[in-house]
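Contents: one structure, followed by commentary.
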Amino acid sequence: MTAVNVIYINGLGNVSPQKTTDNNHFLDEVNRTQSNRLACIEPNYRDFISPDILRRMGRLIKMGVASSRICLADSGCGMPDAIITGTGLGCLEDTEKFLTTLIRNKEELLTPTSFIQSTHNTVSAQIALLLRCHNYNYTYVHRGWSFESALLDSVIQLRNGRTSTVLTGGMDELTNGSFEITSRLGHWRRKPVDTFELFTSTSRGSIAGEGSAFFLLSTTASHGTYAALTDILTFNRKDSVKSLPSILSGFLNRSGIMPEEIDLAVCGMNGDSTSAKPYKELTDSVKNAGIAAWKHLSGEYMTSSAFGLWMASMIMKHGQVPEAAVVRNCGDRPINTILLYNHYLDLNHSFILIRKP
Amino acid sequence: MGNRVVITGYGIISSIGMNADEVLHSLMDGISGIGEITKFETIHKGKLPLAEVKRSNEELLELCCLKSKKKYSRTTLLGIVAARQATEMAGVKPGQSYRTGLVSANTVGGMDRTEDFYPLFLENLAKGKLSEVINHDCGDSTEKIAEYLGICDLTTTISTACSSSANSIMFGSELIKAGMLDRVIAGGTDAVTRFTLNGFNTLMILDKEGCCPFDENRAGLTIGEGSAFLVLESEELALKEGKKIVGLLSGYGNANDAYHQTASSPEGIGAGLAMAKAMEMSGIVPGNINYINVHGTGTQNNDLSEGMAVQKLFGEYVPPFSSTKSYTGHTLGAAGAIEAVISLLSIQHNCIFPNLRWTTPMKELYIRPVTTLLKDIMVEHVLSNSFGFGGNNSSLVLSKYNPR
Chain W
1 MTAVNVIYIN GLGNVSPQKT TDNNHFLDEV NRTQSNRLAC IEPNYRDFIS PDILRRMGRL
61 IKMGVASSRI CLADSGCGMP DAIITGTGLG CLEDTEKFLT TLIRNKEELL TPTSFIQSTH
121 NTVSAQIALL LRCHNYNYTY VHRGWSFESA LLDSVIQLRN GRTSTVLTGG MDELTNGSFE
181 ITSRLGHWRR KPVDTFELFT STSRGSIAGE GSAFFLLSTT ASHGTYAALT DILTFNRKDS
241 VKSLPSILSG FLNRSGIMPE EIDLAVCGMN GDSTSAKPYK ELTDSVKNAG IAAWKHLSGE
301 YMTSSAFGLW MASMIMKHGQ VPEAAVVRNC GDRPINTILL YNHYLDLNHS FILIRKP
Chain V
1 MGNRVVITGY GIISSIGMNA DEVLHSLMDG ISGIGEITKF ETIHKGKLPL AEVKRSNEEL
61 LELCCLKSKK KYSRTTLLGI VAARQATEMA GVKPGQSYRT GLVSANTVGG MDRTEDFYPL
121 FLENLAKGKL SEVINHDCGD STEKIAEYLG ICDLTTTIST ACSSSANSIM FGSELIKAGM
181 LDRVIAGGTD AVTRFTLNGF NTLMILDKEG CCPFDENRAG LTIGEGSAFL VLESEELALK
241 EGKKIVGLLS GYGNANDAYH QTASSPEGIG AGLAMAKAME MSGIVPGNIN YINVHGTGTQ
301 NNDLSEGMAV QKLFGEYVPP FSSTKSYTGH TLGAAGAIEA VISLLSIQHN CIFPNLRWTT
361 PMKELYIRPV TTLLKDIMVE HVLSNSFGFG GNNSSLVLSK YNPR
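First to last, the protein sequences are chains W and V.
Heads up: the first sequence is residues 1 to 357, going by the numbering used here.
Heads up: the second sequence is residues 1 to 404, going by the numbering used here.
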């Protein structure tokens, strides 16, 4: 890849179940829980949003706007050339609110606020509105590829020569209603599980989570650059001819690197015994690399790979994996190349490759 | 010049026809799909009009040669019908060696089924059939369409309110231009739901008589449903395969109005930017546009804002324009793709379709829409507008294909 094609991650903003809103700290204090359901540690929104606007905003919008603000401030970018978001389920709280009233009131006496905010592109629209940003504004809504699609579009925009900065984010919120439904679908552990025992206790189901993470991507490096975003691939396993290792080597080949060059694999393992196999295949195919995981810290949700990319970017900058995220130690091996691998219910798989800038 | 993206197939299902031929005849004969609610269950029956697809879910299943109705939302079924027509026209088949992706769009996913699930669930969290709620997310219909068509490569979904499927067409083209895919089936689908009908009703922007876009006495929009898809291919591939090329996607642009969550700016800033970007990419000037298929929802706010932006951009010589939402209703997440297909029909058949139910010019504007069918008119470039909540404005330029 030539120099002009390098895309830099110049800013981060993350609202999550961990203390992640201050980029000067990196998981040095873990919010350890005994639960099957994690909720975001929300910042004081008044630090980011004026009270009159805040009053009307749904929860995911607040989380999204705050994390985007943290990200922009971190990067020093005032006006991005594009805003691209991904969300699996959008503003669920408002969707449920409008749907509930609609059913209870039998289509009468409804008010528009929750309907307006339920629209899937509300977060990216509110960010644009508050910035008065007239540029490209997109929202992807495809399950476990929502954030990845946003990232892929960002890469395309940054390589088309008309765009030099993109504010990209992934966000989803967990509500009581969605937790109940996904519990009944068997997505979560039936009993509470300790944060640090998610991967050692083998059982069906993961822990539910939520979060909003933003990235400022740029064609130029800055003094605060975290990593270079090298490549991204979304894939499924419908074409069962190709094994995971062969898909991986094909993916790495596009960037001219070998599997042995992966220093660290950041994986989306989630403690669900029925989801474990692909992660095992992947970690087996990068034998010399360290392994790190994030879902015991963030919980599982459709855009949790945004938390994963946040963690990978921080690891790259700090040069080491925080204790709480280590699954397999890579010893003293310097971290120059990180592979992020995630899958959602074995339906939506993705690779993201980042390298030292 | 870079590689061009051409259109080799399209499919459409809407209240004015189950396929492109039927839609064309309705457009030519001035037959609107807006009318009294027949199929859809709501308390607004008899009070608000709709532009329904006049087929039950069972009939749609049969049309798709599918058996079980459990797995499919109406949004999915409409999408399968349109996407299948598009791939058949373009000769896209599973197992061909080309990298083929699917980019779809919708606004509320499988909400039509969630609405059936929710009443029981509200009474008791342990109740309600899970099979009715698993189609809820917006990605579900896209996955089902991909499965139906045998698409294994890149699949994704866009949701930017009423500009959703114009944006999926743009992204489809970008994927081809970036060399990531050879072909993309791009479009959108949306079924009428109580959620959206009541949502727009709370905003008091539904016309009780049926929408009359760009009329002084317009009173709002009419909700419609449907789906449309285009098959986009790189020109190189289409020529190599000897495909019949039905049009060129020569330009597009997306911009944000950044004015208000639901209202457009009075001067149509975002709309103007989107149209200008699209024409710039297309390498044409406003004078080259032969027809504008306007967004034209029929709301006070949209038509004024869009009209002001058109006047500012085109000046004295505004080309013929019309809102075909007066036929199809506002099909929300499907609107951009449905209007892209209508634009292609205009190009292929050298005609411009009228804006129905228009009688009185808007007092703020000097422009007025086409109100009778214009035939035997050279249509080389069509500008198609789609604007949505959150100030999301998109414009496409669809052009007659001329080999280089």
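Glycine included, each C-beta is placed from N, C-alpha and C at the ideal position.
The model shown is predicted, which means the values in this text are computed figures rather than measured ones.
At a C-beta separation below 8 Å, H134 (chain W) has these neighbours in chain V: A255, N256, D257, A258, I269, G270 and L273. For N392 (chain V), the three-state secondary structure derived from DSSP is strand. By the Cβ-count criterion, T168 (chain W) is buried, with 16 or more other Cβ atoms from all chains shown falling within 10 Å of its own Cβ. In the same chain as T225 (chain W), and ignoring 5 residues on each side of it, the C-beta atoms closer than 6 Å to its own belong to Y8, N10 and P357, in chain order. Residue contact check for E180 (chain W) against chain V: a CB pair falls below 8 Å.
In the displayed model, F214 (chain W) falls within a strand according to three-state DSSP. Taking a cut-off of 8 Å on C-beta distances, the region 87-107 of chain W does not touch the region 24-37 of chain W, as fewer than three cross pairs fall below it. It is roughly 27 Å from the alpha-carbon of R4 (chain V) to the alpha-carbon of V310 (chain V). Around Y138 (chain W), the beta-carbon contacts reaching into chain V at under 8 Å are I158, T160, N167, F171 and N254. Per DSSP, the beta-bridge partners of I7 (chain W) are W:L229. Looking only at W:F115, W:L99, W:S118 and W:L130, the smallest Cα-Cα distance to E115 (chain V) is reached by W:L99. Two segments are said to touch when three or more pairs of C-beta atoms, one from each, lie closer than 8 Å; by this definition the region 330-338 of chain V touches the region 216-225 of chain V. At a cut-off of 8 Å between C-beta atoms, F387 (chain V) does not count as an interface residue with respect to chain W.
Within the region 138-153 of chain W, those residues whose Cβ lies closer than 9 Å to any Cβ of chain V are, in chain order, Y138, T139, Y140, V141, H142, R143, G144, W145, S146, E148, S149, L152 and D153. By the beta-carbon neighbour count (other beta carbons within 10 angstroms, threshold 16), H223 (chain W) is exposed.
For a Cβ distance threshold of 7 Å, nothing in chain W lies close to Y98 (chain V): the least Cβ distance comes to about 14 Å. Among the residues facing chain V, E173 (chain W) is not included, as its CB has no counterpart in that chain under 8 Å away.
Look at I43 (chain V): its C-beta is under 8 Å from a C-beta on chain W. If you draw a straight line from the Cα of Q261 (chain V) to the Cα of F387 (chain V), it comes to about 12 Å.
A direct Cα-Cα distance of roughly 19 Å separates I151 (chain V) from E148 (chain W). Cβ contact annotation for A324 (chain W) (same chain, cutoff 6 Å, sequence separation greater than five): L27 and V30, in chain order. Boundaries of the beta strand (DSSP E) around V231 (chain V): G226 to S234. Against chain W, a Cβ distance below 9 Å from F195 (chain V) picks out T95, F98, L99, L102, F115 and S118. In the DSSP assignment, T8 (chain V) falls within the beta strand (DSSP E) that extends over V5 to S14.
Using a CB distance below 9 Å, the part of the region 125-137 of chain V facing chain W consists of L125, A126, G128, L130, V133, I134, H136 and D137, ordered along the chain. Each residue's CA atom was taken as its position, placing P259 (chain W) and I354 (chain W) some 14 Å apart. Listed along the chain, the chain V residues whose CB falls inside 7 Å of the CB of D239 (chain W) are C152. When beta bridges are read from the DSSP output, G170 (chain W) appears opposite W:G86 and W:A213.
Judged by their CB atoms, S343 (chain V) and N392 (chain V) are not nearer to each other than the 8 Å cut-off.
Under the three-state reduction of DSSP output, L340 (chain W) falls in the strand class.
DSSP, read as helix, strand or coil, puts I53 (chain W) in helix. With its beta carbon less than 8 Å from one in chain V, A128 (chain W) belongs to the interface.
In this structure, DSSP gives H136 (chain V) a state outside helix and strand, which the three-state scheme calls coil.
Listed in chain order, the beta strand (DSSP E) elements of length 3 or more contained wholly in the region 98-181 of chain W are 136-140 and 165-172. Going by beta carbons, S250 (chain V) and T189 (chain V) fall outside the 8 Å limit. Among the CB atoms of chain W, one or more fall inside 8 Å of the CB of G390 (chain V).
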